[in-house]
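Undergrad: Handing you this structure, nothing more for now.
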Amino acid sequence: MLQVKIKDDTGNTIGQNIRRIRKSRNIGQTALVRDLQLLDIDMTREALVKIERGIQHIQLSQLKGIRDVLQTTYDELLEIH
1 MLQVKIKDDT
11 GNTIGQNIRR
21 IRKSRNIGQT
31 ALVRDLQLLD
41 IDMTREALVK
51 IERGIQHIQL
61 SQLKGIRDVL
71 QTTYDELLEI
81 H
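Next comes the structure, spelled out in structure tokens:
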């Protein structure tokens with residue numbers, strides 16, 4: 001399967017939004033990663049930490065999984081504050 005990586009050139013908007021939405025739903029990093037792994041999405045807690053901090057690019061499959069697990073929209077994940 002082709003892996004598409006998304007580079008956030010807006011100053012880590014995606015990672016900050018993931019963290020904000022995750023925390024607003026009282027979901028810990030470990031729980032989010034566990035739910036992603038149950039969906040067969042390759043993610044570790046360390047990778048999530050790096051994505052939230054803007055150190056690592058996110059893969060499209062990971063973004064889709066996070067959208068589904070957090071029950072949010074791409075618009076909310078990509079929103080610039």
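Here the sequence shown is numbered in full-length UniProt numbering, starting from 1 and rising by one per residue.
Virtual Cβ for every residue (Gly too), placed ideally from N, Cα, C.
What you are looking at is a predicted structure, and each value in this text was computed from that prediction instead of being measured.
For Gln56, does the three-state DSSP call read helix, strand or coil?
TA: Here residue 56 is taken as the residue at index 56 of the sequence shown, counted from 1. Gln56: coil per DSSP, three-state reduction.
Undergrad: Alpha carbons only, please: which of Ile66, Lys50, Leu78 and Asn12 is nearest the one belonging to Ile27?
TA: The residue labelled residue 27 in the question sits at position 27 within the sequence shown. When each option's Cα is compared against that of Ile27, the closest is Ile66.
Undergrad: Would you please state the rounded distance, in angstroms, between the beta carbons of Ile51 and Ile41? I believe it to be under 8 angstroms.
TA: Position 51 of the sequence shown, counted from the first residue, corresponds to residue 51. Position 41 of the sequence shown, counted from the first residue, corresponds to residue 41. About 12 angstroms separates the two Cβ atoms, so there is no contact after all.
Undergrad: Which residues mark the beginning and the end of the alpha helix (DSSP H) in which Gly15 is found?
TA: The residue labelled residue 15 in the question sits at position 15 within the sequence shown. Element bounds for Gly15: Thr13 to Ser24.
Undergrad: Go ahead and label Arg53 buried or exposed: buried means 16 or more other beta carbons lie within 10 angstroms of its beta carbon, across all protein chains shown.
TA: Taking the sequence shown and counting its residues from 1, one reaches residue 53 at position 53. Looking at its Cβ environment, which holds fewer than 16 other Cβ atoms inside 10 Å, Arg53 is exposed.
Undergrad: Among Gln62, Ile21, Asn17 and Thr73, which residue has its Cα nearest to the Cα of Leu38?
TA: Residue numbering aside, residue 38 sits at position 38 when the sequence shown is read from its first letter. Out of Gln62, Ile21, Asn17 and Thr73, Gln62 has the C-alpha closest to the C-alpha of Leu38.
Undergrad: Does DSSP classify Gly65 as helix, strand or coil?
TA: Here residue 65 refers to the residue found at position 65 when the sequence shown is read from its first residue. Correct three-state label for Gly65: helix.
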